[in-house]
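One structure is given here, and the rest of the page talks about it.
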Amino acid sequence: MFFLFIKSKILSPLVTLLLLFPLPVLLWAGSSDEDLQQLTAVTHVHSYVSAARHPSLHAVASLAEKKDVDVLVPTDHFLKKWEYGFDPLPGILRVWSYKACVLKFGVPSYLSIIDKIQTPDLMTMPGLEITPEYSFSGHPARGQLVVHNSQKHLLVYGLTKKEDIVSLPVMSNPHAGEWDWTKIILPFLAVVSGLALMVRWPAGLLVVVFGLFWMLNQRPFHRLPVMEESVHGTEYAFSQHLIDYVREKGGWTVWAHPASTKEEKTRKYFRSVYKQTDPYPQALLKTTGYLGFGSSLLSDDEVIGAGGVWDQVLTEYAAGQRSAPVWCFAEQDCGEEAGVGLDIYQARNVLWVKKKTKSSVSEAFQKGCFYPTMRHRQGPGLNLKKWLIVSQDQTALSGGKVIWRPGAQLKVLLDRKKTFKITIIQNGSVWMTFQGWEKSVTVPLPKSRALLDYYRVLIETNNIDSNKSYIIVTNPIFVTM
Ligand SMILES: [Zn+2]
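Residue 12 is where the sequence shown starts when you use my numbering, and the numbers rise one by one after that.
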């Protein structure tokens with residue numbers, strides 16, 4: 012017996028039969044994935060562009076090549092600028108910290124170096140890590156000023172035009188937003204009234220000066236639409252605006268490390284300025300139009316575990332409340348302090364593509380035709396050769412969809428035998444769990460009960476009793492009636 016069948020809501024005699032006699036019954040049907048190749052992509056990798064202690068982009072690329080990475084997506088911080096405005100003129104009386112980042116380095120240089128470090132074996136694509144919005148609490152005069160959400164990050168991919176990147180609608184980006192003349196109507200009237208008063212009353216100059224300060228304080232140049240009172244203060248307004256902007260320009264966004272607790276504690280930034288960012292798994296539910304989220308796979312049960320935030324988002328999609336599903340991306344970087352060493356290449360995304368071209372890679376990411384995996388230090392990683400659902404003559408790969416037909420089967424094939432625990436999630440709940448020493452699992456699928464069912468798989472190898480350390484997490488496949 013190859014598998015120890017642990018738990019099943021639907022343990023039909025057929026399932027038992029299939030498990031008892033796997034080989035004759037579980038032959039792989041000829042499927043459309045046969046002509047696809049697998050590529051390894053590593054995303055969210057930092058370089059010296061956004062932190063001096065990181066290696067150069069060239070060094071990052073040569074390390075990636077040594078580690079058999081096919082696609083490298085450097086993802087440096089776009090803008091590391093925090094501005095604080097003092098009352099009563101926060102638009103004028105401002106202090107700021109502006110650190111190494113892509114905007115400071117130069118967007119054209121960043122794009123050009125990333126393009127040049129490509130080799131015949133290593134494809135590169137530019138990425139950016141972005142803090143769409145931040146806020147302050149406390150006051151410098153009281154000895155404690157805390158910057159909140161500076162580590163709440165969206166990753167932006169697929170933008171290649173300099174002008175689209177430079178004007179990304181991000182708080183404190185001097186190139187973002189538009190001139191808004193409506194903001195200076197009242198200050199302008201004050202200046203005009205002051206000038207009229209000055210004809211008879213020299214003290215009218217004070218009104219003119221007041222009007223001019225008021226005008227500057229409004230910061231009418233490069234105003235982001237989300238700064239308007241109607242949405243300002245609305246949670247995620249800036250993030251949603253950025254997501255929409257990137258989509259409009261042909262790129263896509265991924266929430267970075269939403270469940271990370273690394274920045275939860277208030278930490279000193281410099282002098283009496285501190286930083287603090289709460290985990291933000293709710294961002295996945297409160298925003299739409301983003302492509303996915305990053306996970307380290309190791310401690311993200313709240314997001315990727317059965318019934319977690321990801322399942323809530325997928326359930327919304329299956330119920331027609333969301334226009335697109337979202338995918339899980341492997342990422343190891345969980346903050347600025349994480350260096351780029353050998354370990355960074357443990358977090359890999361394995362894509363199924365027809366050809367090794369940038370458009371195929373982009374397409375695989377966008378369609379969810381990939382799986383995130385965490386390669387542990389001991390020995391070679393475990394790879395997923397197949398993850399698909401076959402329903403008579405249709406085959407859906409990761410991220411795809413099939414219409415249910417009698418005999419529909421879900422298939423998982425690993426590249427080698429290894430002790431593992433495999434959990435199949437159906438519509439957000441644990442559906443089946445297998446534990447054993449085998450390469451493949453094939454399960455007949457029941458008739459779809461909802462308009463749209465979805466299945467995804469979690470695979471653990473090392474800590475077999477723990478459900479918090481996954482080595483492979485598949486993106487879902489959908490089954491419709
Ligand atoms: Zn980050």
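Note that the Cβ used here is the ideal one computed from N, Cα and C, for glycine as well.
Please read all numbers here as calculations on a predicted model, not as lab measurements.
Would you mind reading off the limits of the alpha helix (DSSP H) that contains residue i?
i	result
A407	Note, A407: premise wrong, no alpha helix (DSSP H); beta strand (DSSP E) at Q405 to L408.
L165	No alpha helix (DSSP H) contains L165, which is instead part of the beta strand (DSSP E) from L165 to Y168.
I315	D312 to I315
Between which two residues does the beta strand (DSSP E) holding residue i run?
i	result
H55	Q48 to V56
T384	F381 to M385
V80	Where V80 is concerned, there is no enclosing beta strand (DSSP E), given that its DSSP letter is neither H nor E.
V361	A358 to V364
W338	W338 to A341
Roughly how many whole angstroms lie between the Cα atoms of residue i and residue j?
i	j	result
S58	E76	15 Å
A152	F97	10 Å
E246	V454	42 Å
N160	H88	14 Å
S271	E342	12 Å
E471	S178	42 Å
Y256	V53	25 Å
F249	S146	12 Å
L133	K91	29 Å
T86	K365	25 Å
G346	G215	Because G346 carries a pLDDT of 38, less than 50, the predicted location of this residue cannot be relied on, and no value is offered for it.
L217	G205	7 Å
V274	D289	Residue identity check: residue 274 is Glu in the sequence provided, not Val. One C-alpha to the other measures close to 7 Å.
L38	S373	Any answer about L38 is weak, because its pLDDT of 31 lies below 50 and its placement is not dependable; what the coordinates show is given next. Spanning the two alpha carbons is a distance of roughly 32 Å.
P417	D404	11 Å
R427	W448	10 Å
G379	Y109	36 Å
R105	N228	10 Å
T51	V80	5 Å
I195	V220	14 Å
P198	G188	21 Å
R467	T491	15 Å
W107	E94	4 Å
F445	V113	46 Å
G102	F224	9 Å
V337	V71	28 Å
K369	P119	19 Å
Y382	A358	11 Å
S283	G154	6 Å
Kindly give me the distance between the Cβ atoms of residue i and residue j, rounded to whole angstroms, as I take these residues to be in contact under 8 Å.
i	j	result
P269	Y285	At roughly 22 Å, the Cβ-Cβ gap does not stay under 8 Å, so P269 and Y285 are not in contact.
Y280	V158	7 Å
W363	S306	Actually they do not touch by this definition, with Cβ atoms about 19 Å apart.
V452	V423	5 Å
T485	L395	7 Å
E144	L166	Not confirmed; about 15 Å, so no contact.
Q515	T298	The structure shown does not extend to residue 515, since the chain spans only 12 to 492, so no value can be given for it.
L68	V181	Rounded, the Cβ-Cβ distance is 22 Å, inconsistent with contact.
K322	I176	The residue asked about is misnamed: residue 322 is Asp in this sequence, not Lys. About 33 Å separates the two Cβ atoms, so there is no contact after all.
Could you give the DSSP three-state label for residue i: helix, strand or coil?
i	result
P487	coil
L325	helix
L179	coil
E471	strand
W225	helix
Y465	strand
H159	strand
S459	coil
A72	helix
L197	helix
A248	helix
S148	strand
S371	helix
A207	helix
G261	coil
G331	coil
G215	helix
W39	Because the pLDDT at W39 is just 32, under 50, the model does not fix this residue reliably, and the point stays unresolved.
Could you check if residue i belongs to the surroundings of ligand 3, using beta carbon to heavy atom distance under 7 Å?
i	result
H69	In the structure on display, ligand 3 does not appear, and the ligands it does have are ligand 1.
Does any residue of chain C have a CB that is nearer than 8 Å to the CB of residue i?
i	result
I400	Any reference to chain C falls outside this structure, which holds one protein chain only.
Mind listing, in chain order, the continuous beta strand (DSSP E) runs of no fewer than 3 residues lying wholly within the stretch 86-145?
91-96, 105-110 and 138-141
Any alpha helix (DSSP H) of 4 or more consecutive residues that is wholly inside the stretch 390-455
none
Pick out the complete alpha helix (DSSP H) segments inside the stretch 264-303, 4 residues or longer, and give them in chain order.
Fully enclosed alpha helix (DSSP H) runs of 4 or longer: 294-297.
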